[in-house]
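**Q**
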Amino acid sequence: MSGIPTLARWNLVALLIAGAVAGATAAAAAQAGEATSGRSLERLFQRMDANGDGVVTPDEAQAFEQRLFARLDANHDGVLTLDEFTARRAGRQAANAEPQRAATFRSRRFAAADTNGDGRVTADEFAAAFNKRLSAMDTNGDGRITLDEVKGAGSPI
Ligand SMILES: [Ca+2]
Ligand SMILES: [Ca+2]
Ligand SMILES: [Ca+2]
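Throughout the sequence shown, residue numbering follows the numbering used here, covering 387 to 543 in sequence.
1) How many Å lie between glycine 440 and threonine 525 at the Cα?
2) Taking alanine 509 as part of the alpha helix (DSSP H), name the residues at either end of that continuous run.
3) Please classify alanine 456 as buried or exposed, where buried requires at least 16 other C-beta atoms within 10 Å of its C-beta.
4) Quick one: residues with CB closer than 6 Å to any heavy atom of ligand 3, in chain order, please.
5) Go ahead and label aspartate 435 buried or exposed: buried means 16 or more other beta carbons lie within 10 angstroms of its beta carbon, across all protein chains shown.
6) Taking contact to mean 3 or more Cβ pairs, one atom from each stretch, closer than 8 Å, check whether the region 447-466 and the region 512-524 are in contact.
7) Taking only the alpha-carbon atoms, compute the straight-line gap between alanine 406 and phenylalanine 471 and give it to the nearest angstrom.
8) Within its chain, find whatever has a CB closer than 8 Å to the CB of asparagine 502; leave out the 5 residues flanking it on each side and keep chain order.
9) Mapping the DSSP letters down to three states, classify threonine 467 as helix, strand or coil.
10) Go ahead and label glutamate 428 buried or exposed: buried means 16 or more other beta carbons lie within 10 angstroms of its beta carbon, across all protein chains shown.
11) Going by the DSSP bridge assignment, what does threonine 532 pair with across the sheet?
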């Protein structure tokens, strides 16, 4: 299955988090494959690349991560619950033909970020998961992320 543009943006966000754990699941890889289709990866990259110079610096990535966390933290208590983590995506994925798989995938993403396993993802845990994934994306190790690297990370293979 491919070509679900409304999902792709969140799928990349999912990638950023879920991919932080070594040995991402086959389901994650499949979702990642969906994220590579269309222009959604480019749109997401553009949102991360605040100054539009075609490179996402660590500062830009961190700012993006913090905005993302703040947006997900619906009750603004500084931690994400599974409900908060999935709420925004749940609406978007209502049209998904495989809601079961999507729900499983979201749960795994959450568990991957919740490194101490207390059922809540703190800002630190979220940032750590995000940064880990970002490092993995930075294939040439220069500390900056290009669109090509983002696209490469989105590949299931
Ligand atoms: Ca930039
Ligand atoms: Ca919260
Ligand atoms: Ca936790």
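All C-beta atoms, glycine included, are put in the ideal place defined by N, C-alpha and C. Computed from a predicted model, the values in this text were never measured in an experiment.
**A** If we stick to the structure as given:
1) Position 54 of the sequence shown, counting from 1, holds the residue named residue 440. Position 139 of the sequence shown, counting from 1, holds the residue named residue 525. Cα to Cα, glycine 440 sits roughly 16 Å from threonine 525.
2) As a first step, residue 509 is located in the sequence shown; it is residue number 123 there, counting from the start. Unbroken alpha helix (DSSP H) run through alanine 509: 509-523.
3) Residue 456 sits at position 70 when you count from the first residue of the sequence shown. Answer is exposed; the Cβ neighbour count stays below 16.
4) Asp500, Asn502, Asp504, Arg506, Val507, Thr508, Glu511
5) Mapped onto the sequence shown, residue 435 falls at position 49. Label assigned to aspartate 435: buried.
6) yes
7) Working through the sequence shown from its first residue, we reach residue 406 at position 20. Working through the sequence shown from its first residue, we reach residue 471 at position 85. Reliability fails at alanine 406, whose pLDDT of 41 lies under 50, so the model's placement of it is uncertain and no value is given.
8) If you number the sequence shown from 1, residue 502 lands on position 116. Once the five neighbours on either side are set aside, the close Cβ partners of asparagine 502 are Glu511.
9) Against the sequence shown, residue 467 aligns to sequence position 81. Here threonine 467 sits in coil by DSSP.
10) One-based indexing of the sequence shown puts residue 428 at position 42. Residue environment for glutamate 428: exposed (fewer than 16 other C-beta atoms within 10 angstroms of its C-beta).
11) Here residue 532 is taken as the residue at index 146 of the sequence shown, counted from 1. The partner list for threonine 532 (beta bridge, DSSP) reads Val441.
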